[in-house]
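One structure is given below, encoded as structure tokens.
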Amino acid sequence: MSAVPPRASGRPLEDLRKDQRQVLDLIPKGASVLDLGCGDGALLDALVTHRAVNGHGVEIDSDCILACVRRGLSVVQEDLDEGLAVHPDASCDYVILSQTLQATRNPRRLLLEMARVGHASVVSFPNFGHWRVRLGLLFRGRMPKTPQLPHEWYDTPNIHMCTIADFEDMVRAEGFVVDRRILLDGNGNPMRSGLLAGWRAAAAVYLLRHRKSPGSRYDR
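Numbering (the working numbering), first residue to last: 337 to 556.
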């Protein structure tokens, strides 16, 4: 990934979701970035514009790819469920998976592939253990709908929902180290305290490194 990053549209940061702004803040200027499931390219656009990253995206939806191209972004069409075999080992500084983990068939395998391709991984996802979800199941007896989980059970793209505890158990068992954890409340704002995180956080953003990954120029 040595190509000069493409010129992006430079839309204001206010256009980003609040969880995407937290991801943006984790990426150093000038880093090389692979954004998996990049959607319409809003986050990748912001990274190229405001962090001067050498950024590339991966997306499967044709309409989203067209939106990325219109922004002037470098994006390829790939199915994340098929793996990242076309991407060489340690070929970028950061691999991002923003609000996409829960929509993949094999999240464990994808996380390990991210660790192979990048020196560090940034992952965000909705917390299925949030109090609104728990109470919705308890009192209504129905699959919950929240601002973070707005779909009906029969048309949701989310097939592997997890809680914060579930996610942390898995990544540690697979050899990851949590460098940063940012918990977001129901309004998308960072929580000041991690007290009762599994109940209070509506979503979370993680910066992960794998114990077997080589060091990078951004290691702190």
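Think of the CB as a built atom: it goes at the ideal place given N, C-alpha and C, for glycine as much as any other residue.
Cβ-based burial, residue i [other Cβ within 10 Å; buried from 16]
| i | result |
| --- | --- |
| F475 | exposed |
| R536 | buried |
| N442 | exposed |
| A501 | exposed |
Spatial distance of residue i from residue j (CA atoms)
| i | j | result |
| --- | --- | --- |
| L532 | G522 | 14 Å |
| R357 | V514 | 19 Å |
| N463 | L543 | 16 Å |
| S552 | H466 | 35 Å |
| V369 | V394 | 11 Å |
| D491 | A439 | 12 Å |
| L380 | L349 | 11 Å |
One or two residues paired with residue i in a DSSP bridge
| i | result |
| --- | --- |
| D371 | G393, I432 |
| A539 | P462, L520 |
| Q413 | E395 |
| A456 | Y430 |
| H546 | F512 |
Candidates the options: closest to residue i by CA position
| i | options | result |
| --- | --- | --- |
| V458 | G465, E449, A421 | E449 |
| L352 | G366, G377, K548, G373 | G377 |
| L372 | P364, G366, R478, V359 | V359 |
| A335 | D491, F461, P483 | Since the first and last residues shown for the chain are 337 and 556, residue 335 lies out of range. |
| K365 | A388, L380, L447 | A388 |
| A456 | L349, I363, E350, K354 | I363 |
| V453 | Q435, A501, L437, H546 | H546 |
| V431 | S398, R470, R406, G391 | G391 |
| N494 | K481, G511, E504 | K481 |
* What are the complete alpha helix (DSSP H) segments, minimum 4 residues, inside the stretch 510–536? -> 533–536
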